[in-house]
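Student:
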């Protein structure tokens, strides 16, 4: 057993007052008999008055750690929900834009086919114009329409406009599908809105 002079009675007193260990367990740790500890505790009026405080503090630390764990878990879940929600909204927008671009391309192709048909029929339209000129004055509106349809400058203008539209739509489509990696000053959402508005 360790000599009294080398015993750390302050540490023994703190352990005793904390009330978590028995006198025998404290004695084992500090190398002194439990009877000596009990005798000194009685002589110096040590009380195990900190046990309740120690237990309360330990419970508070456990509760704090548990709350922190739950909050961290909830934060992760909340972030996951927010990311999923934002990603879904963005995906809906992108899919809608792709559909709009697809519809615009279909319309442009239809107009291109109509222009091609009117060009192929220019001989028939010329015959129609000739017949209308030979008829009465009440065919003036039909004659004007046929003349416009057969007009080369008008067909060229339509072709030029359609070419510009197709060029813009194809560029938009490439951006919407991530094919075009080059940067653009105007976001493709703005370009799409401008095309849909006929600007």
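Numbering (my numbering), first residue to last: 2 to 200. Here a beta-carbon is modelled for each residue, glycine too, at the ideal position from N, C-alpha and C.
Applying the 10 Å Cβ sphere with the 16-neighbour rule, what's the burial state of residue 103?
Tutor: Counted from its first residue, the chain shown places residue 103 at position 102. The residue is exposed, with fewer than 16 neighbouring Cβ atoms inside 10 Å.
Student: Skipping 5 residues on each side, what residues in its chain have a beta carbon closer than 7 Å to that of residue 112?
Tutor: Start at 1 with the first residue of the chain shown, and residue 112 comes out as number 111. Excluding positions up to five away in sequence, the list reads 163.
Student: Taking residue 55 and residue 19 to be in contact with their CB atoms under 8 Å, please state how far apart those CB atoms are, rounded to whole angstroms.
Tutor: What you label residue 55 is simply residue 54 of the chain shown in a count that begins at 1. What you label residue 19 is simply residue 18 of the chain shown in a count that begins at 1. About 5 Å separates the beta carbons of residue 55 and residue 19, which is inside the 8 Å limit, making them a contact pair.
Student: Rounded to whole angstroms, how far is the Cβ of residue 71 from the Cβ of residue 33, which I believe are closer than 8 Å?
Tutor: Taking the chain shown and counting its residues from 1, the one referred to as residue 71 is at position 70. Taking the chain shown and counting its residues from 1, the one referred to as residue 33 is at position 32. The pair is not a contact, with the Cβ atoms about 44 Å apart (cut-off 8 Å).
Student: Let me check understanding here. Comparing Cα to Cα, which of 51, 74, 73, 14 lies closest to residue 31?
Tutor: Translated into positions along the chain shown, residue 31 becomes position 30. Considering only alpha carbons, the answer is 14.
Student: On the premise that residue 106 lies in contact with residue 1, defined as a C-beta separation below 8 Å, what is that separation, rounded to the nearest angstrom?
Tutor: No answer is possible for residue 1: the residues shown for the chain start at 2 and end at 200.
Student: When the Cα atoms are used, what is the spatial distance from residue 17 to residue 44?
Tutor: Looking up residue 17 in the chain shown gives position 16. Looking up residue 44 in the chain shown gives position 43. Their backbone Cα atoms lie some 14 Å apart in a straight line.
Student: Let me know the secondary structure DSSP gives residue 4 once reduced to three states.
Tutor: As a working note, residue 4 is residue 3 in the chain shown. In this prediction, residue 4 scores a pLDDT of 48, lower than 50, which makes its location untrustworthy; no coordinate-derived value is stated.
Student: Could you name each continuous alpha helix (DSSP H) segment of 4 residues or more that falls completely within the segment 22 to 60, going from the start of the chain to the end?
Tutor: 24 to 31, 35 to 44
Student: Starting from the C-beta of residue 60, find all residues in its chain whose C-beta is less than 6 Å away, skip the five residues before and the five after it, and write them out in chain order.
Tutor: Working through the chain shown from its first residue, we reach residue 60 at position 59. Nothing meets the Cβ criterion.
Student: For residue 170, which of 118, 10, 98, 75 has the nearest alpha-carbon?
Tutor: For the purposes of this step, residue 170 is taken as the residue at position 169 of the chain shown. The option with the nearest alpha carbon to residue 170 is 98.
Student: In whole angstroms, give me the CA-to-CA distance for residue 100 and residue 76.
Tutor: Taking the first residue of the chain shown as position 1, residue 100 is located at position 99. Taking the first residue of the chain shown as position 1, residue 76 is located at position 75. Between residue 100 and residue 76, the alpha-carbon positions lie close to 36 Å from each other.
Student: Rounded to whole angstroms, how far is the Cβ of residue 95 from the Cβ of residue 177, which I believe are closer than 8 Å?
Tutor: As a working mapping, residue 95 is identified with position 94 in the chain shown. As a working mapping, residue 177 is identified with position 176 in the chain shown. Their Cβ separation, rounded to whole angstroms, is 7 Å, which keeps residue 95 and residue 177 in contact under 8 Å.
Student: Could you compute how far the alpha carbon of residue 3 sits from the alpha carbon of residue 29?
Tutor: The residue given as residue 3 occupies position 2 in the chain shown. The residue given as residue 29 occupies position 28 in the chain shown. With a pLDDT of only 48 at residue 3, under the threshold of 50, the placement of this residue in the model should not be trusted; the figure read from the coordinates follows. Pairing residue 3 with residue 29, the inter-Cα distance amounts to about 11 Å.
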